[in-house]
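Novice: Per UniProt numbering, the sequence shown runs over residues 1 to 298.
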Amino acid sequence: MGVYMKSSHTPTKHAIPFGQNGNKRDIPLESKTGSGEASLSLGFPPETMVPKVSGGIPPSGKDFNGILNELSAMGRWANAGAGYPFDAAFANAVGGYPAGAKIPNVENSGFWLNTVDNNNNLDNPEVADDRLTGRVPAENYGIATLSGLVKADVTLTTLQSAKVRIVLTGELKANMAVIFPAWQTSWTVVNQCTGSGSLICRTKAGAGVVVPKGESREIIGDGSGLVPRIVNASTTVAGITQLSSAIDSDSETLAATPKAVKALADTLSSGRLLNIQSFTKSGIYTPTLGTRKIRVKC
1 MGVYMKSSHT
11 PTKHAIPFGQ
21 NGNKRDIPLE
31 SKTGSGEASL
41 SLGFPPETMV
51 PKVSGGIPPS
61 GKDFNGILNE
71 LSAMGRWANA
81 GAGYPFDAAF
91 ANAVGGYPAG
101 AKIPNVENSG
111 FWLNTVDNNN
121 NLDNPEVADD
131 RLTGRVPAEN
141 YGIATLSGLV
151 KADVTLTTLQ
161 SAKVRIVLTG
171 ELKANMAVIF
181 PAWQTSWTVV
191 NQCTGSGSLI
201 CRTKAGAGVV
211 VPKGESREII
221 GDGSGLVPRI
231 VNASTTVAGI
241 TQLSSAIDSD
251 SETLAATPKA
261 VKALADTLSS
271 GRLLNIQSFT
281 KSGIYTPTLG
291 TRKIRVKC
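(1) The alpha helix (DSSP H) spanning MET176 covers which residue range?
(2) Quick check: the stretch 189-203 against the stretch 171-178, are there 3 or more CB pairs under 8 Å?
(3) Is SER234 closer than 8 Å to THR253 when the C-beta atoms are compared?
(4) Are there three or more Cβ pairs, one per stretch, closer than 8 Å when the stretch 69-76 is compared with the stretch 15-26?
(5) By a C-beta neighbour count over all protein chains shown, 10 Å radius and 16 as the cutoff for buried, is THR236 buried or exposed?
(6) Mapping DSSP to helix, strand and coil, what is ASN232?
(7) Where does residue 309 sit, in a helix, a strand or coil, going by DSSP?
(8) Please report how far the alpha carbon of GLN160 lies from the alpha carbon of LEU71, in whole angstroms.
(9) So, at 8 Å on beta carbons, what are the nonlocal neighbours of GLN20 in its own chain, with the 5 sequence-adjacent residues on each side left out?
(10) In terms of alpha-carbon separation, which member of LEU146, GLU126, SER244, THR241 lies closest to PRO137?
(11) Taking only runs of the beta strand (DSSP E) that begin and end inside the stretch 119-204, which ones reach a length of at least 3 residues, in chain order?
(12) Among LEU113, GLY110, VAL116, ILE179, which residue has its Cα nearest to the Cα of VAL154?
(13) What first and last residue would you give for the beta strand (DSSP E) that runs through PHE90?
(14) Can you list, in chain order, the residues of its chain whose CB lies under 7 Å from that of SER147, leaving out five sequence neighbours each side?
(15) Starting from SER216 and walking both ways along the beta strand (DSSP E), at which residues does that stretch end?
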């Protein structure tokens with residue numbers, strides 16, 4: 001039966017790696033044949049396992065210190081909760097990162113989650129465009145602010161897109177788009193721009209969401225395009241609606257403000273003259289739409 005692991009079974013942490021101040025040798029990938037020196041590929045070579053009287057070479061204490069120092073340094077790094085940033089050479093050497101690997105970003109403000117096994121895409125996940133590398137953001141801290149927007153479309157870098165809150169500022173002189181990567185995630189976009197232009201957030205080839213000036217929108221990426229988290233309201237769908245103080249509108253996408261409700265109530269309670277009709281003979285009178293009372297004078 002195996003030994004169960006419990007939260008109280010935390011291994012000892014070491015503040016320094018083994019042999020920190022001792023004599024040691026950096027362990028190479030390969031070592032010279034017959035030298036008796038350890039390597040990563042062979043470990044301690046066969047000649048170190050043969051008695052000295054039979055021509056063997058005793059293993060070196062420097063090699064022991066070297067490899068134990070290297071391994072315990074890795075453990076010390078992990079004890080501190082640290083990780084390794086993206087390394088194209090390492091990824092190539094091991095055949096790609098495995099699915100589920102978490103890689104710290106260059107800002108140390110979050111991580112990249114590797115989503116596919118044997119990911120041999122050697123593009124750094126921190127690209128300046130919307131390329132997909134099989135690595136998506138996870139646990140990112142901070143806000144991305146884009147300033148100086150005018151009219152040209154802007155493509156977010158992956159580091160900017162990794163933030164869950166995107167703030168946009170500038171004076172828009174024409175309609176423009178902010179291009180997001182085609183990820184499956186969500187953002188809150190705040191449009192603090194001024195000017196005459198409108199702003200849409202979209203992927204390069206997919207659908208997008210208009211974010212009005214002075215407002216914010218919660219946006220969901222579905223892996224292709226962008227859609228609003230909350231859609232516009234209608235008579236059949238709950239969602240975002242615009243308030244209006246008008247009392248003469250026939251719109252079914254606006255919601256009345258308390259001011260509009262009060263104005264309508266005052267009108268109905270006090271009444272107002274909608275029409276005057278004069279009759280010179282008997283007949284049938286059809287009241288004007290909205291009539292609640294009729295005053296007759298003979």
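Built from N, CA and C at the ideal position, the CB exists for glycine as well.
Specialist: The answer reads as follows:
(1) For MET176, there is no enclosing alpha helix (DSSP H); the residue is found in the beta strand (DSSP E) stretching over 176-180.
(2) yes
(3) yes
(4) Yes, the stretch 69-76 is in contact with the stretch 15-26.
(5) exposed
(6) strand
(7) Since the first residue of the chain shown is 1 and the last is 298, residue 309 is not available in this structure.
(8) In a straight line, the C-alpha of GLN160 is about 35 Å away from that of LEU71.
(9) ASN69
(10) GLU126
(11) 135-138, 144-149, 165-172, 176-180, 186-191, 199-203
(12) ILE179
(13) No beta strand (DSSP E) contains PHE90, which is instead part of the alpha helix (DSSP H) from 88-94.
(14) THR169, GLY170
(15) 216-221
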